[in-house]
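Accompanying notes for the structure given below.
Protein chains in written order, with the working numbering: chain A, 57 to 368; chain B, 4 to 282.
Here is the structure:
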């Protein structure tokens, strides 16, 4: 794997407390990588160590194949980030803030880049307003503009959808996919909105109590998980009989008015659909209700019982 | 470094609080000059009444030199607060507002960022002193003209020829700059240790007041520590108006001030370059 970020045995101790405990992590070039974990799990500390805001107590961090300790400035020049929340100089305008950070990040053709990112995040026309007049959502957009300003290869976004309205969240999702698909950027995304990760992340890690308990491709991780699936049919009783008579009978959880509730792997859904169709039962809809959220809760509720999986 | 310095100066220049110092100096200096212009003769008579029994005073004693000296003596006490107001906010203000996270993820070493902040606040201190000098000397000579400078000390009376004063004022302003640089680095050091922007400003002033009180009290225990307090040496600018000049004492004080700057900067760099940014 062509790793753009690599953590090996990274720990951060505060006295006897391990905020991050022997973390191993790899992020491949050109992917959207999701960071998941409950509050206090060590997500933020890990991201801050990657950005050299916090020094690891042990272990090594390499980005772009370079050791972070030895090549800190060169590495940071290739990263754009929002850490925790986008904070700016409130007494300055958005334009002045972008100019200031653009100069610091040695952005080429700064004025053109500022125009581009302002259009990209939808802040054009408000750039001369002082940031203190901005709503949280606008600051979040400005944070994205700042992170993208110097055209970085790696973009680290810590909870970027916080404060955005539904339209803003959709735009953010599309922007991240645009960054990955059209511009070939690598995006590390930390979010508490699990559906966001599920929808846009290629790989993910679940962090709990400072350890990476699960890491791998989102599709592979979830394909191992049982989903709760509501199959809406015209004849639930007939559908139940059809499934019971086949090898799929064990999937039935309960019969509902107008539907069957199943517990099955993602790969079972086409077989169920085909069987019911062959039996002449009309399917009005199939809705999977169990996904990453349940998986996440199961893993973080009892990580010691969870299978430690790593799909490299 | 040039880019960082320009940015730090831009930030200081666009902060409203940066102008409090200039406004305060302008108001105080103009008030003193106005008061002396309106009622300076009686003020001077009051000061010199004890001397007039022994000396015959002739000529214009209320001149630009004396006015500048009075202004310097009055304002130099307040200026540490004006300096701490800016220097104490340099790092902690970034931490309090959260911008430190953005600042420290830029492709510059933390040491360079702190150097830029130190140089920027030094330039600010220089401009503050320059403004004070311009208003005091410029306004003083404009309103009161030139003349010999009479410096009244507790145990002696020093009269300096008019032609012999300008270089002494320049040197005194230079020493004042060095003294305020100690305050600036002290506030900067405290600023590196906290995420609260008011704390370092108040703490700097509290320490200066405490040290000044220790320096004023005639207690044998305090006599031993007085030479090590930077506040003891911050008033060495007054020695530039002695006759003859005690260069040994002046240089010794300058060295102590420089050593304090080096110490405070050293501690600042040590902490800032290793500090975990957790807020």
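We put the beta carbon where it would ideally sit given N, CA and C, even for glycine. Only a predicted model underlies this, so the values are computations on that prediction, with no experimental measurement involved.
> In three-state DSSP terms, what is residue 76/A?
Replying inline: Counted from its first residue, the first chain places residue 76/A at position 20. In this structure, residue 76/A counts as strand in the three-state DSSP scheme.
>> Assuming residue 232/B and residue 217/B are in contact, meaning their beta carbons sit under 8 Å apart, how far apart are those beta carbons, in whole angstroms?
In response: Counted from its first residue, the second chain places residue 232/B at position 229. Counted from its first residue, the second chain places residue 217/B at position 214. Confirmed, Cβ separation roughly 6 Å.
> What does residue 147/A touch in chain B if you count any residue whose Cβ is under 8 Å from its own?
Replying inline: In the first chain, counting from the first residue as 1, residue 147/A sits at position 91. Near residue 147/A (Cβ distances below 8 Å), the residues of chain B are 17, 18 and 19.
>> Taking the beta strand (DSSP E) that residue 264/A belongs to, which residues open and close that run?
In response: Here residue 264/A corresponds to residue number 208 of the first chain, with the count starting at 1. Here the beta strand (DSSP E) through residue 264/A covers 259 to 264.
> Just the Cα atoms here: how many angstroms apart are residue 4/B and residue 115/B?
Replying inline: Sequence index remark: in the second chain, residue 4/B carries index 1 (1-based). Sequence index remark: in the second chain, residue 115/B carries index 112 (1-based). The alpha-carbon atoms of residue 4/B and residue 115/B are separated by roughly 7 Å.
>> Am I right that residue 307/A and residue 288/A are in contact with their C-beta atoms under 8 Å? What's the rounded C-beta distance?
In response: Translated into positions along the first chain, residue 307/A becomes position 251. Translated into positions along the first chain, residue 288/A becomes position 232. That belief does not hold up - the Cβ atoms of residue 307/A and residue 288/A are roughly 16 Å apart, past 8 Å.
> Counting pairs of Cβ atoms below 8 Å between the stretch 236 to 245 of chain B and the stretch 175 to 185 of chain B, do you hit three or more?
Replying inline: yes
> So, are the CB atoms of residue 88/A and residue 262/A less than 8 Å apart?
Replying inline: Within the first chain, the letter at position 32 stands for residue 88/A. Within the first chain, the letter at position 206 stands for residue 262/A. The answer is no: Cβ separation not under 8 Å.
> residue 161/A touches chain B at which residues, Cβ-Cβ below 7 Å?
Replying inline: Counted from its first residue, the first chain places residue 161/A at position 105. Per Cβ cutoff of 7 Å: 109 and 110.
>> Between residue 165/A and residue 215/A, how many whole angstroms is the CB-CB distance? I'm expecting something under 8 Å.
In response: Taking the first residue of the first chain as 1, we reach residue 165/A at position 109. Taking the first residue of the first chain as 1, we reach residue 215/A at position 159. Not really, about 30 Å apart at Cβ, beyond 8 Å.
>> Let me check understanding here. Comparing Cα to Cα, which of 207/A, 260/A and 327/A lies closest to residue 136/A?
In response: In the first chain, residue 136/A corresponds to position 80, counting from 1. Per the Cα distances, 207/A.
> Name the chain A residues whose beta carbon is nearer than 8 Å to that of residue 200/B?
Replying inline: Position 197 of the second chain, counted from the start, is the residue given in the question as residue 200/B. Going along chain A, no residue has its Cβ under 8 Å from residue 200/B, so there is no contact; the nearest lies around 13 Å.
> Is any heavy atom in the ligand FMN found nearer than 7 Å to the beta carbon of residue 144/A?
Replying inline: Of the ligands one can find in the structure shown there are none, so the ligand FMN has no counterpart to examine.
> Can you find a CB in chain A that lies within less than 8 Å of the CB of residue 13/B?
Replying inline: Reading the second chain from its first residue, position 10 is the one you call residue 13/B. By this cut-off, residue 13/B is an interface position.
> If you measure beta-carbon to beta-carbon, which residues of the stretch 204 to 221 of chain A are closer than 7 Å to chain C?
Replying inline: Judged by its chain identifiers, the structure shown contains no chain C, and its protein chains are A and B.
> By Cβ distance, which residues of its chain are closer than 7 Å to residue 93/B, with the 5 residues on each side in sequence left out?
Replying inline: Taking the second chain and counting its residues from 1, one reaches residue 93/B at position 90. Excluding residues within five positions, the ones whose Cβ falls inside 7 Å are 120, 124, 191 and 194.
>> Classify residue 77/B: buried if its beta carbon has 16 or more other beta carbons within 10 angstroms, exposed otherwise.
In response: Counted from its first residue, the second chain places residue 77/B at position 74. Burial call: exposed.
>> So if I threshold CB-CB distances at 8 Å, which residues from the stretch 257 to 277 of chain B count as touching chain A?
In response: 277
>> Pop quiz: residue 312/A and residue 328/A are said to be a contact at Cβ under 8 Å. What is the actual Cβ separation, rounded to whole angstroms?
In response: Within the first chain, numbered from 1, the residue matching residue 312/A stands at position 256. Within the first chain, numbered from 1, the residue matching residue 328/A stands at position 272. Residue 312/A to residue 328/A, Cβ: 15 Å. No contact.
>> Considering only DSSP beta bridges, list what residue 186/A is partnered with.
In response: Within the first chain, residue 186/A is the residue found at index 130, counting from 1. DSSP lists 149/A as partners of residue 186/A.
> What residues in the stretch 90 to 109 of chain B bring their beta carbon closer than 7 Å to a beta carbon of chain A?
Replying inline: 100, 101, 102, 104, 105, 107, 108 and 109
> What are the residues that DSSP puts in a beta bridge with residue 85/A?
Replying inline: Residue mapping note: residue 85/A aligns to position 29 of the first chain, counting from 1. For residue 85/A, which the question treats as bridged, DSSP gives no partner whatsoever.
>> DSSP three-state label for residue 144/A, please.
In response: In the first chain, counting from the first residue as 1, residue 144/A sits at position 88. It is coil, neither helix nor strand.
>> Which of the three DSSP states is assigned to residue 232/B in this structure?
In response: By 1-based counting over the second chain, the position of residue 232/B is 229. Here residue 232/B sits in coil by DSSP.
> What is the rounded straight-line gap between the Cα of residue 25/B and the Cα of residue 175/B?
Replying inline: If you number the second chain from 1, residue 25/B lands on position 22. If you number the second chain from 1, residue 175/B lands on position 172. About 19 Å.
>> Looking only at its chain, what residues have a beta carbon closer than 8 Å to the beta carbon of residue 359/A, apart from the 5 residues adjacent to it on each side?
In response: Reading the first chain from its first residue, position 303 is the one you call residue 359/A. Because the pLDDT at residue 359/A is just 49, under 50, the model does not fix this residue reliably, and the value given afterwards should be weighed accordingly. Within the same chain, residue 359/A has close Cβ partners 264, 265, 267 and 269.
> Per DSSP, what kind of secondary structure is residue 6/B in: helix, strand or coil?
Replying inline: By 1-based counting over the second chain, the position of residue 6/B is 3. Helix.
> So, helix, strand or coil for residue 304/A, using DSSP?
Replying inline: Residue numbering aside, residue 304/A sits at position 248 when the first chain is read from its first letter. Three-state DSSP puts residue 304/A in coil, outside helix and strand.
>> I need the boundaries of the alpha helix (DSSP H) containing residue 30/B, first residue and last residue.
In response: As a first step, residue 30/B is located in the second chain; it is residue number 27 there, counting from the start. Residue 30/B -> alpha helix (DSSP H) spans 21 to 51.
> DSSP on residue 344/A, reduced to helix/strand/coil?
Replying inline: Position 288 of the first chain, counted from the first residue, corresponds to residue 344/A. In the structure shown, residue 344/A sits in a strand (DSSP, three-state: E or B).
> On the premise that residue 92/A lies in contact with residue 138/A, defined as a C-beta separation below 8 Å, what is that separation, rounded to the nearest angstrom?
Replying inline: If you number the first chain from 1, residue 138/A lands on position 82. If you number the first chain from 1, residue 92/A lands on position 36. Not a contact, Cβ separation roughly 17 Å.
> Along chain A, in chain order, which residues have C-beta atoms closer than 7 Å to that of residue 126/B?
Replying inline: Numbered from its first residue, the second chain carries residue 126/B at position 123. Going along chain A, no residue has its Cβ under 7 Å from residue 126/B, so there is no contact; the nearest lies around 18 Å.
>> Run through the DSSP bridge pairs and tell me what residue 68/A is partnered with.
In response: To locate residue 68/A, count along the first chain from 1; it is residue 12. DSSP output for residue 68/A lists 76/A as bridge partner(s).
> CA-CA distance, residue 108/B and residue 280/B?
Replying inline: Within the second chain, the letter at position 105 stands for residue 108/B. Within the second chain, the letter at position 277 stands for residue 280/B. Computed Cα separation, rounded: 11 Å.
> Going along the chain, which residues of its own chain have a beta-carbon closer than 6 Å to the beta-carbon of residue 259/B, five neighbours each way excluded?
Replying inline: Along the second chain, one-based indexing puts residue 259/B at 256. These residues qualify, in order along the chain: 236.
>> Please report the straight-line C-alpha distance between residue 362/A and residue 111/A, rounded to a whole angstrom.
In response: Taking the first residue of the first chain as 1, we reach residue 362/A at position 306. Taking the first residue of the first chain as 1, we reach residue 111/A at position 55. No answer about residue 362/A holds up, because its pLDDT of 44 lies below 50 and its placement is not dependable.
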